[in-house]
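Mapping to our numbering: the sequence shown position 209 is 204, numbers consecutive.
Quick reminder that beta carbons are idealized off the backbone N, C-alpha and C, glycines included.
Treat the numbers as computed from the prediction; the structure is a model and nothing was measured.
Some notes on the structure that comes next.
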Amino acid sequence: MVKPSKQIIRPYGDRRDDGMVQLSFTLPVPLSEKAKEAAAQFTKKMGFTDVKVAAAERAADQYTFFVVYARSNVTLDYAEIDVPEVVVRKMGFDDLNALIKEKVRRRIVVFGACTGTDTHTVGIDAILNMKGYAGDYGLERYPGFEAFNLGSQVPNEDLIKKATAKQADAILVSQVVTQRDVHKDNSRQFIDAAKAAGIHGKTLLLLGGPRVDHKLALELGFDAGFGPGTKPSDVANYIVHAVMKKEGTESADSHYQGEPT
């Protein structure tokens, strides 16, 4: 394998390679000039230079939120970075439905929920609900999908039981709350329950949320992960191509790549 040439990069602020970055953080001190100096010194101790405290606002009693501009001397060889990605040939709404009709020849069954104690449905609603997100239709709108949105605070075992009863092709787990890595703990519990139910490695298991990416999802035992900015059509295309690959109906030009690169 030919090693790629180096691609050294630095952050871009006012001009290329100036190393300027913007940081935000909260310190447990009341708003004051002393608090601003504390923020500046904290930033300098992290190795930054040319530090400027751009904003300081009271966050709560005895807490101040800061926005800081600073310069970093760190460089990165972008060519050395190798991460797994979800890559499929993106098809439009009508074309994807036609592909399902031609290749799968049945409706693809998908279940989704925000599991555990998480009460937020914004993520799973954006993907599954008919109106979708940012002008992109949700899976309920696709004639080729039969989508079930179970909402929030759904026990992992209940989601798996209901999905199994309908012989679901895919299960979507949404995790919005991330404090103290609760999203990772609950996701691991879901995978344990999936293994106990005998569906791990058989049913497509997808993870989504603001602190989720494909690499993390693979590490936790899922088939794919979708993070911020994901549109319903991204998930729809992935599921269709994954089902086709599983059933041996995928064409050579589908460009499906769900495994680590």
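Inter-residue Cα distance where the pair is residue i and residue j
| i | j | result |
| --- | --- | --- |
| A247 | K241 | Any reading at A247 is ruled out, since the residue's pLDDT is 49, under 50, leaving its predicted position unreliable. |
| E80 | P227 | 17 Å |
| L134 | T44 | 48 Å |
| A108 | A219 | 16 Å |
| V342 | G243 | Past the edges of the chain, shown from -4 to 256, lies residue 342, and the structure says nothing about it. |
| V78 | L211 | 10 Å |
| M125 | V177 | 29 Å |
| A49 | R11 | 21 Å |
| S19 | E97 | 51 Å |
| A30 | E52 | 10 Å |
| D208 | S182 | 13 Å |
| Q162 | L199 | 11 Å |
| D89 | V230 | 15 Å |
| Q57 | A34 | 14 Å |
| K85 | D131 | 13 Å |
| F37 | G14 | 18 Å |
| T159 | V63 | 50 Å |
| L154 | A129 | 27 Å |
| V16 | F106 | 41 Å |
| L26 | T59 | 5 Å |
| Y251 | F221 | Per-residue confidence for Y251 stands at a pLDDT of 43, beneath the threshold of 50, marking its modelled position as unreliable; no derived number is given. |
Integer-rounded CB distance, given that residue j should sit under 8 Å from residue i
| i | j | result |
| --- | --- | --- |
| V259 | L91 | Nothing about residue 259 can be read from this structure; the chain reaches only from -4 to 256. |
| V117 | D164 | Wrong, their Cβ atoms sit about 24 Å apart, outside the cutoff. |
| Y73 | Q2 | 4 Å |
| Q170 | L202 | 7 Å |
| V104 | E141 | 5 Å |
| R136 | T70 | Contact flag wrong, Cβ pair sits at about 46 Å. |
Run of the beta strand (DSSP E) containing residue i, from where it starts to where it stops
| i | result |
| --- | --- |
| N144 | 140 to 144 |
| T159 | Per DSSP, T159 belongs to no beta strand (DSSP E); it is in the alpha helix (DSSP H), 151 to 160. |
| F20 | 15 to 22 |
| F43 | First-last for F43: undefined, no H or E at that position. |
| L202 | 199 to 203 |
| A129 | Premise fails: A129 is in no beta strand (DSSP E) and is neither H nor E. |
| G220 | 219 to 221 |
Continuous alpha helix (DSSP H) stretch holding residue i: start and end
| i | result |
| --- | --- |
| S228 | 227 to 242 |
| K179 | 177 to 192 |
| E32 | 28 to 40 |
| G214 | According to the sequence shown, residue 214 is Glu rather than Gly. From DSSP, the alpha helix (DSSP H) with E214 extends over 209 to 215. |
Local conformation of residue i per DSSP, three classes
| i | result |
| --- | --- |
| F88 | helix |
| I119 | helix |
| I103 | strand |
| E52 | strand |
| I166 | strand |
| K96 | helix |
| G253 | Bear in mind that the predicted position of G253 carries a pLDDT of just 49, short of 50, making it unreliable; the figure below should be weighed with that in mind. If DSSP states are grouped into helix, strand and coil, G253 belongs with coil. |
| Y74 | The sequence given here has Ala at residue 74, not Tyr. A74: helix per DSSP, three-state reduction. |
| A247 | Note that A247 scores a pLDDT of 49, beneath 50, so its modelled location is shaky; the value from the coordinates is reported in the next line. A247: coil per DSSP, three-state reduction. |
| R10 | coil |
| D66 | A small fix is needed here, since residue 66 is Arg in this sequence, not Asp. Reduced to three states, the DSSP call for R66 is strand. |
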